Amino acid sequence: MLMFREKISPEWLPKLLANLPAVLVDHAHLERKAATTAMNLEKYRDLYHRVEDLNAIAIEELQHFQLVLALLKRRGIPFGQPYPSPYITGLMRSVRNGQRHQAIDHLLSCSLVEGRSCEKFQFLATGLASIDPELAEFYGSLVESEGNHYATYLLMAKSIDEAETDRRLDFYLDLDAKLMREPNPLPMLH
Ligand SMILES: [Fe+2]
Ligand SMILES: [Fe+2]
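Quick note: the sequence shown uses the working numbering, first residue 31, plus one each step.
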């Protein structure tokens, strides 16, 4: 995504390519959490009128979850334990209290996670092309959808309060950059 202030670490892609079974299990959980997150956003008063749009995202994420589970099954990889992502936890910890502030911060955090997923799936598609074409195609096929989620969440936040969203986006882009610089030894997407 163009707006990000920190590049993906050069160690990230090789670490993931060397641990694909663990990456796929982590990815399955990421899609599961994305589906539940879309539905969690429906609790905000400012988003009541977007409940159908949020359901549509939840359904799409659940379909992604199913696709990853099918890949796991085909490859004989057992579905397993989720690991908390320091990046996602770091973003979510900064969500403020208070209906409207919380809705905007939650949407912005989700938007950045989706944007990073979009960016990272593109990296994976490229990195996997010569070593695992099936997986490369799979990651390539998800890029557009995650990019749409990124944009949808950002626009939802702006439609609640554009000036406040722009102010908080500046904060969140700095936080994203800081969290991206923190090393995570596990082969995780985020
Ligand atoms: Fe997804
Ligand atoms: Fe998504």
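Positions of the beta carbon are idealized from the N, C-alpha and C atoms, including for glycine. Since this is a predicted model, take the numbers as computed values, not measurements.
Candidates the options: closest to residue i by CA position
i	options	result
aspartate 56	Glu36, Ile87, Leu99, Met33	Leu99
leucine 199	Pro217, Pro215, Tyr180, Ala88	Tyr180
valine 81	Thr182, Leu216, Arg197	Thr182
Where residue i falls: helix, strand or coil (DSSP)
i	result
glutamine 132	helix
aspartate 191	coil
arginine 146	helix
valine 125	coil
isoleucine 118	helix
methionine 33	coil
histidine 220	coil
tyrosine 113	coil
tyrosine 74	coil
Distance cut-off 8 angstroms: residue i Cβ against heavy atoms of ligand 4
i	result
serine 175	This structure lacks ligand 4; its bound ligands are ligand 1 and ligand 2.
Supposed close pair residue i, residue j - CB separation, criterion 8 angstroms
i	j	result
leucine 133	isoleucine 190	Reading off the sequence, residue 133 comes out as alanine, not leucine. Indeed they touch by this definition, with Cβ atoms about 6 angstroms apart.
leucine 102	leucine 60	No, leucine 102 and leucine 60 are not in contact; Cβ-Cβ is about 13 angstroms, not under 8 angstroms.
Span separating the alpha-carbon of residue i from that of residue j
i	j	result
alanine 193	lysine 150	29 angstroms
tyrosine 169	leucine 154	7 angstroms
methionine 33	isoleucine 107	36 angstroms
aspartate 204	methionine 210	10 angstroms
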